[in-house]
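Okay, so here's the structure we're looking at.
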Amino acid sequence: RVAITAGYDPIWRKKALAEVDFSKDALTLHNFIRGNDKIPGAWTEVDGQKITLYGSKFVDCNKPVVGTEFPVKGCEKNAVVNRYGMWLFGSDGRKVVVSQVQLEDGRTVNASKFGSAELDNVVVLELSPEEEGMKKIVADVWASILNTVVEDEGDFFKAGRFSGSLYIWCQ
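For the sequence shown, our numbering gives the first residue as 663, with consecutive numbering after it.
Dropping the structure here:
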């Protein structure tokens with residue numbers, strides 16, 4: 663394909679198709695998470711919060727995992743968060759560790775920080791009147807790059823683009 667038209671299969675960009683099924687073994691979970699990293703992003707509910715999982719590694723060892731536990735929708739075992747990331751368990755009892763998670767509010771954080779108090783400290787960006795005036799112009803430029811409607815809460819990467827998209831557009 664021509665680089666400028668390269669992209670993802672539009673049907674697979676549907677987030678509903680990327681929900682993690684914990685009835686599968688750990689290696690299948692790892693491959694599913696890895697295969698959906700970054701678009702559309704494999705997701706699940708942990709501690710009642712819908713999160714997207716990134717940076718999966720399959721870990722085939724019997725050593726127990728110690729850390730803070732959180733319930734996972736559809737999984738018999740709780741997720742465990744420790745300094746290595748968030749550990750999730752397949753139906754075979756083996757495990758996957760993810761290095762990053764995207765929270766419901768759109769922030770992507772180290773998985774090892776999930777559930778910690780430091781994530782509550784959110785800095786809100788406030789635009790000056792001059793910056794507010796430029797907002798429409800910038801949104802129009804990004805809309806032409808992304809070939810989609812740009813909203814205030816939009817996310818460049820969630821829209822299926824990457825830094826190469828900007829590079830290709832600028833050439």
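Ideal placement from N, C-alpha and C gives every residue a C-beta, glycine not left out.
Determine the closest residue to Asn744 out of Val758, Gly736, Ser753, Cys737, with distance taken between C-alpha atoms.
-> Val758
Item to complete: Measure the alpha-carbon distance for Arg663 versus Ile701 and round it to whole angstroms.
Response: Unreliable positioning characterises Arg663 in this predicted model, as indicated by a pLDDT of 48, which lies under 50. The coordinate reading is nonetheless provided below. Roughly 19 Å separates the two Cα atoms.
* Mark Leu750 as exposed unless 16 or more other C-beta atoms lie within 10 angstroms of its C-beta, in which case mark it buried. => buried
Expressed to the nearest angstrom, what Euclidean distance is found between the alpha-carbon atoms of Gly717 and Ala779? 23 Å
query = Do the stretch 786-803 and the stretch 755-770 touch if we need at least three Cβ pairs shorter than 8 Å?
reply = no
query: Looking at C-alpha atoms only, which residue of Val708, Trp804, Phe776 is the closest neighbour of Tyr746?
result: Phe776
**Prompt:** Apart from the five residues on each side of it in sequence, which residues of its chain come closer than 8 Å, Cβ to Cβ, to Val728?
**Reply:** Val742, Asn744
field: Buried or exposed (CB count within 10 angstroms, at least 16 for buried), Ser685
entry: exposed
Once the 5 residues before and after Lys676 are set aside, which same chain residues still bring their CB inside 8 Å of it? Pro702
(message) Does Arg663 come out as helix, strand or coil in the three-state DSSP assignment?
(response) With a pLDDT of 48 at Arg663, under the threshold of 50, the predicted position of this residue should be treated as unreliable, though the coordinate-derived value follows. Arg663: coil per DSSP, three-state reduction.
ask   = Using the C-alpha atoms, what's the distance from Asp709 back to Pro726?
value = 21 Å
- prompt: Can you tell me the Cα-Cα spacing of Glu731 and Asn740, whole angstroms?
  reply: 6 Å
Item to complete: Evaluate Gly697 with the Cβ neighbour count: other Cβ atoms within 10 Å of its Cβ, from every protein chain shown; 16 or more gives buried, anything less gives exposed.
Response: exposed
* Hey, Ile713 and Leu765: beta-carbon distance below 9 Å or not? -> yes
Less than 9 Å between the C-beta atoms of Thr706 and Cys737, yes or no?
yes
Cβ-heavy atom distance, Ala779 to the ligand SAH, below 8 Å: Among the components of this structure there are no ligands whatsoever, and the ligand SAH is therefore not found.
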